[in-house]
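Number of protein chains: 2
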Amino acid sequence: MVSDRGLQVLRAIVRDYVETHEPVGSRSIVDRHSFGVSAATIRNDMAMLEDEELITAPHTSSGRVPTDKGYRVFVNHLAQLRPLSSAQRSAIESFLSEPADLDDLMVRTVRVLTQVTGQVALAQYPSFARAHVSHLEIVALGPNRLLIVLVTDAGGVSQRLAVLPETIDEADLAALRARFAALITGQAISEASDRLQTLLAAEETPRDRVLRTLAGVISDELGAFRQERLVMAGAATLARREQDFRGSIHPLLEAIEEQVTLLRLMSEMVTDEHGLAASIGTENAPFGLGEASIVASNYAAPGGTARVGVMGPTRMDYPSNLAAARAVARYLSRMLDEDEASR
Amino acid sequence: MVSDRGLQVLRAIVRDYVETHEPVGSRSIVDRHSFGVSAATIRNDMAMLEDEELITAPHTSSGRVPTDKGYRVFVNHLAQLRPLSSAQRSAIESFLSEPADLDDLMVRTVRVLTQVTGQVALAQYPSFARAHVSHLEIVALGPNRLLIVLVTDAGGVSQRLAVLPETIDEADLAALRARFAALITGQAISEASDRLQTLLAAEETPRDRVLRTLAGVISDELGAFRQERLVMAGAATLARREQDFRGSIHPLLEAIEEQVTLLRLMSEMVTDEHGLAASIGTENAPFGLGEASIVASNYAAPGGTARVGVMGPTRMDYPSNLAAARAVARYLSRMLDEDEASR
DNA sequence: GATTGGCACTCTGAACATCCGAGTGCCAGC
DNA sequence: GCTGGCACTCGGATGTTCAGAGTGCCAATC
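If you're matching them up, the sequences are chains A and B in order.
Residues in the first sequence are numbered consecutively from -18, following the working numbering.
Residues in the second sequence are numbered consecutively from -18, following the working numbering.
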């Protein structure tokens, strides 16, 4: 069992290691922290921590570094969020003021978060899963080319091009427009999708190729709404940290480019009672990111909660990064709430 | 002056160096290429090349590596494009078949190019500068929220949200819609912008806040069309090449995230008579990319030509990369042409 | 029983020396 | 103009030494 002082030693090791990037010895701990005991005592505690696999020694008789398990204990029990500096607060505030629209707001969010933390910033788009279709617009661009614009009540807009297998006149188009509008406007995204599927499956439908094409495109578009999206910034900061990732930042860059992996990872994280979550090192191994940690905070969007956070080396500054994610999440929630209220 | 054989030696050095990543010695040249002369003769030629600053020795008595000037001579006079393998050709063909729309086509383009070359791929969007506004759609989302959709005849679509300072009824909206449609549909992007500016400057306008807001948003949207855009893929491949960039890929990642630098660089490159261009090493120094080279090929889009290419280390395989860029550009031109024709 | 000073031991990393081989520049001879 | 030969240089691999940081353990102490 690890004593109370043992845990304080673990905390000291995590802090010092994150700061110095060098294994922490018993001597440097008594120098930098006022434990009021000697180095030999700290050594005993460290032996305990090592038995519990909370710390490890890179080689016989060097200092200790925290294990992933050690970071986990630190984050769960020993870390208190480090409050942001006023400069950081005002950076967030000014960055997030006056966004043009949702896309712009999300981009600003990740920019400020990467600026404040120096890490790669990630943000899930607000979920449109529970949103409703508020408008469907079908614009004729040519005899067989239509532009289909969908708008949801959660602020999401999407547009897509449909190329019809045959030409269509204005009267037919008006009829189609009315038919689809009646079918899906006001419906939840999922319900709208279901109705389109039903339509496609219906008896008479196969004959009408235009109807089928259009239903397919709209269905696609709805599908894109249901799909989670991610916005990121700060990939370049990884270049400074190559050595933190056992040599290669390739898996990280890969994940950033892929998006889908990070999206799953973000979705599957488990938040604590304050809406904060951390996924540490090997916990991310199933995603090919065993050298990285991700911290995130829930934020409240009209359609439900989503997450914003940062990805960095396992040896990151968890208290600061969690605090930054939380602060940004709060501002973001507030912006979205005001936006919602004004609608 | 450099003899003809001297240039062949330069070619051999560039090829071998790109392949092996190691300084090339006179001995290995006679071994790997059939010059029919002895190593000592090659050494004399190498001394000439060194006088001309086409090659350099990292240290006394090691092999030679090409200088940026050497690569330039190689690219301009000595390189012949290496034809793509049939596997590469079919990869391009299958990747680029059946794109859903312009965005999709561009994404597929850079994906296949990064896949074929193993480098970071870049593509300028077709320019909309000479395109015309073919449709303007204004959709009421709420009493004071409008969605403005612009479509150009070059296939570009953009949508933006306008929040009005006061509410507006259906009749007013119809009037506005008609007014703006008459003003800009059918006009070139630049002409449409000018007209909106004129409108904003007109006497009576200041009083009508709704009109002003709307004109501002549409003007913004037109501005976004005029702005060049870039799509990229393969940033993760840089991680494998860290050592090629004197230690840090940071400037490259930075440029990829910034976009604007790369956009300028791509725009300012000078193509040869075949529409191919290369910008080598220090030639990119003004852009902070003195360690990188970019090769690109023009492609033909309805609104004019744009470029597609790859960015990689100075010691890249220019013949292969140029060939790949050209091949992709040709397919892309063809796709866009078919698309245009079908419209 | 917890804490401590002391001590032997281990391991890393820097500094230094050595050596081999690859490659050059140059020169005299063909 | 080309070639073989030769002295020379330098980097990188290898080995050795040494100081320093840090540990584990133990007997003594509070």
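Just so it is clear, CB atoms sit at the ideal spot from N, CA and C, and this is done for glycine as well.
For B:E238, go through chain A and note every residue whose CB falls closer than 8 Å to its CB, in chain order. Counting from one through the second sequence, the residue named residue 238 of chain B turns up at place 257. Residues of chain A passing the Cβ test: A214, G215, A216 and A217.
Considering only residues of the stretch 8 to 77 of chain A, which uninterrupted alpha helix (DSSP H) runs meet the minimum length of 4 residues and lie entirely inside it, listed in chain order? With a minimum length of 4 residues, the continuous alpha helix (DSSP H) runs that stay inside the stretch 8 to 77 of chain A are 20 to 32, 49 to 54 and 67 to 77.
List the residues that DSSP assigns as beta-bridge partners of B:V138. Locating residue 138 of chain B in the second sequence gives position 157, where the first residue counts as 1. Answer is B:V132.
In the DSSP output, which residue or residues are listed as bridge partners for A:Q105? Here residue 105 of chain A is taken as the residue at index 124 of the first sequence, counted from 1. Beta-bridge pairing links A:Q105 to A:L211.
Can you check whether the C-beta of B:R178 is within less than 8 Å of a C-beta belonging to chain A? Here residue 178 of chain B refers to the residue found at position 197 when the second sequence is read from its first residue. According to the sequence as given, residue 178 of chain B is Gln; it is not Arg. Closer than 8 Å: no.
How would you label A:A277, buried or exposed, when you count the other beta carbons within 10 angstroms and need 16 or more for buried? As a position in the first sequence, residue 277 of chain A is number 296, starting the count at 1. A:A277 comes out buried.
Looking at the C-beta of A:D82, does it have a partner C-beta in chain B at a distance below 8 Å? Here residue 82 of chain A corresponds to residue number 101 of the first sequence, with the count starting at 1. Chain B places a beta carbon closer than 8 Å to that of A:D82, counting this residue as a contact.
State the Cα-Cα distance for the pair B:P300 and A:M250, rounded to the nearest angstrom. Here residue 300 of chain B refers to the residue found at position 319 when the second sequence is read from its first residue. Here residue 250 of chain A refers to the residue found at position 269 when the first sequence is read from its first residue. Looking at the two C-alpha atoms, the distance is approximately 47 Å.
Name the residues in the stretch 221 to 253 of chain A whose C-beta lies less than 7 Å from a C-beta of chain B; which are they? Here the close residues are R221, E223, S229, I230, H231, L234, E235 and E238.
Neighbouring residues, chain A, relative to B:S(-16) (Cβ below 8 Å): Along the second sequence, one-based indexing puts residue -16 of chain B at 3. Those within 8 Å of B:S(-16) in chain A number zero; the least Cβ separation is about 43 Å.
Within the continuous beta strand (DSSP E) that includes A:E239, where are the two ends? Indexing the first sequence from 1 puts residue 239 of chain A at position 258. That residue, A:E239, is in no beta strand (DSSP E); its alpha helix (DSSP H) goes H231 to E239.
Just confirm the distance between the C-beta atoms of A:S274 and A:A259, as a whole number of angstroms; I'd bet it's less than 8 Å. Locating residue 274 of chain A in the first sequence gives position 293, counting from the first residue. Locating residue 259 of chain A in the first sequence gives position 278, counting from the first residue. 7 Å between Cβ atoms; contact.
Helix, strand or coil at A:T218 [DSSP, three-state]: Position 237 of the first sequence, counting from 1, holds the residue named residue 218 of chain A. Helix, per DSSP.
Would you mind sorting B:N57 into buried or exposed? The rule is 16 or more other CB atoms within 10 Å of its CB. Position 76 of the second sequence, counted from the first residue, corresponds to residue 57 of chain B. By the 10 Å Cβ count, B:N57 comes out exposed.
Straight-line gap, B:G137 to A:T148 (C-alpha atoms, nearest Å): As a position in the second sequence, residue 137 of chain B is number 156, starting the count at 1. As a position in the first sequence, residue 148 of chain A is number 167, starting the count at 1. Rounded to whole angstroms, the gap between the alpha carbons of B:G137 and A:T148 is 21 Å.
Cα-Cα separation between A:G285 and A:L317, rounded to whole angstroms: Translated into the one-based positions of the first sequence, residue 285 of chain A becomes position 304. Translated into the one-based positions of the first sequence, residue 317 of chain A becomes position 336. Distance from the CA atom of A:G285 to the CA atom of A:L317, rounded to whole angstroms, is 11 Å.
Neighbouring residues, chain A, relative to B:E116 (Cβ below 7 Å): Translated into positions along the second sequence, residue 116 of chain B becomes position 135. One point to set straight first is that residue 116 of chain B is His, not Glu, in the sequence displayed. Counting only Cβ-Cβ distances below 7 Å, B:H116 has contacts in chain A at V120 and L122, in chain order.
Using alpha carbons as the reference points, say which of B:F76, B:F161, B:I170 and B:T166 lies closest to B:L180. Along the second sequence, read from residue 1 onward, the residue named residue 180 of chain B stands at position 199. Checking every option, the nearest Cα to that of B:L180 belongs to B:F161.
Helix, strand or coil for A:E319? Go by DSSP, reduced to three states. For this step, residue 319 of chain A is matched to residue 338 along the first sequence. If DSSP states are grouped into helix, strand and coil, A:E319 belongs with the helices.
C-beta contact flag for A:R207 and A:F109 at 8 Å: Start at 1 with the first residue of the first sequence, and residue 207 of chain A comes out as number 226. Start at 1 with the first residue of the first sequence, and residue 109 of chain A comes out as number 128. Yes; because the gap between Cβ atoms is below 8 Å, this pair is in contact.
What first and last residue would you give for the alpha helix (DSSP H) that runs through A:L122? Within the first sequence, numbered from 1, the residue matching residue 122 of chain A stands at position 141. Premise fails: A:L122 lies in the beta strand (DSSP E), V114 to G123, not in any alpha helix (DSSP H).
Could you tell me how far apart the beta carbons of B:L94 and B:V309 are, in whole angstroms, since I believe they sit closer than 8 Å? Translated into positions along the second sequence, residue 94 of chain B becomes position 113. Translated into positions along the second sequence, residue 309 of chain B becomes position 328. Confirmed, about 5 Å.
Using the Cα positions of B:R210 and A:M87, report the straight-line distance between them to the nearest angstrom. As a working note, residue 210 of chain B is residue 229 in the second sequence. As a working note, residue 87 of chain A is residue 106 in the first sequence. Whole-angstrom Cα-Cα distance: 19 Å.
Neighbour flag for A:V138 against chain B, beta carbons, 8 Å: Within the first sequence, numbered from 1, the residue matching residue 138 of chain A stands at position 157. It does: the Cβ of A:V138 has a partner Cβ on chain B nearer than 8 Å.
Measuring CA to CA, which of B:V101, B:S248 and B:V97 is closest to B:V63? For this step, residue 63 of chain B is matched to residue 82 along the second sequence. In the sequence as presented, Val is not what sits at residue 63 of chain B; that position holds Arg. Of the candidates B:V101, B:S248 and B:V97, B:V97 places its Cα closest to the Cα of B:R63.
Going along the chain, which residues of its own chain have a beta-carbon closer than 6 Å to the beta-carbon of B:A169, five neighbours each way excluded? Against the second sequence, residue 169 of chain B aligns to sequence position 188. Residues H113 of the same chain have their beta carbon placed closer than 6 Å to that of B:A169, with the five preceding and five following residues left out of the count.
Just to confirm the assignment, what range does the alpha helix (DSSP H) spanning B:M348 have? Missing from the structure shown is residue 348 of chain B; chain B here goes from -18 to 324 and no further.
Which residues, taken in chain order from the stretch -11 to 1 of chain A, show a beta carbon closer than 9 Å to some beta carbon of chain B? Within the stretch -11 to 1 of chain A, no residue has a Cβ that lies closer than 9 Å to any Cβ of chain B.
Can you tell me whether B:E202 is buried or exposed, with buried defined as 16 or more other CB within 10 angstroms of its CB? Start at 1 with the first residue of the second sequence, and residue 202 of chain B comes out as number 221. Counting of Cβ neighbours within 10 angstroms places B:E202 among the buried residues, the total reaching 16 or more.
If I measure Cβ to Cβ from A:M83 and keep anything under 6 Å in the same chain, skipping five residues before and after, which residues do I get? Residue 83 of chain A sits at position 102 when you count from the first residue of the first sequence. Just to set this straight, residue 83 of chain A is Leu in the shown sequence, not Met. Correct list, in chain order: G136.
Looking only at C-alpha atoms, which of A:G271, A:G256 and A:H255 sits nearest to A:G262? Numbered from its first residue, the first sequence carries residue 262 of chain A at position 281. Comparing C-alpha distances from A:G262 to each of A:G271, A:G256 and A:H255 shows the shortest one belongs to A:G271.
So, is B:R(-8) buried or exposed, given that buried needs 16 or more other C-beta atoms within 10 angstroms? For the purposes of this step, residue -8 of chain B is identified with residue 11 of the second sequence, where counting begins at 1. Flag for B:R(-8) reads buried.
Ordered along the chain, which non-local residues of its own chain (more than five positions away) have a Cβ less than 7 Å from that of A:R227? Your numbering for residue 227 of chain A matches position 246 in the first sequence. The beta carbon of A:R227 sits closer than 7 Å to those of E272, all from its chain and outside the five residues before and after it, given in chain order.
I'd like to know whether the C-beta of B:R141 is nearer than 8 Å to at least one C-beta of chain A. As a working mapping, residue 141 of chain B is identified with position 160 in the second sequence. For B:R141, the nearest beta carbon of chain A is closer than 8 Å to its own beta carbon.
Nearest to B:S248 by CA position, among B:N265, B:S43, B:E118 and B:D175, is which residue? As a first step, residue 248 of chain B is located in the second sequence; it is residue number 267 there, counting from the start. Each of B:N265, B:S43, B:E118 and B:D175 was checked against the Cα of B:S248, and the nearest Cα belongs to B:N265.
Would you list, in sequence order, the uninterrupted beta strand (DSSP E) runs of no fewer than 3 residues that lie entirely inside the stretch 141 to 194 of chain A? Qualifying beta strand (DSSP E) stretches: none in this window.
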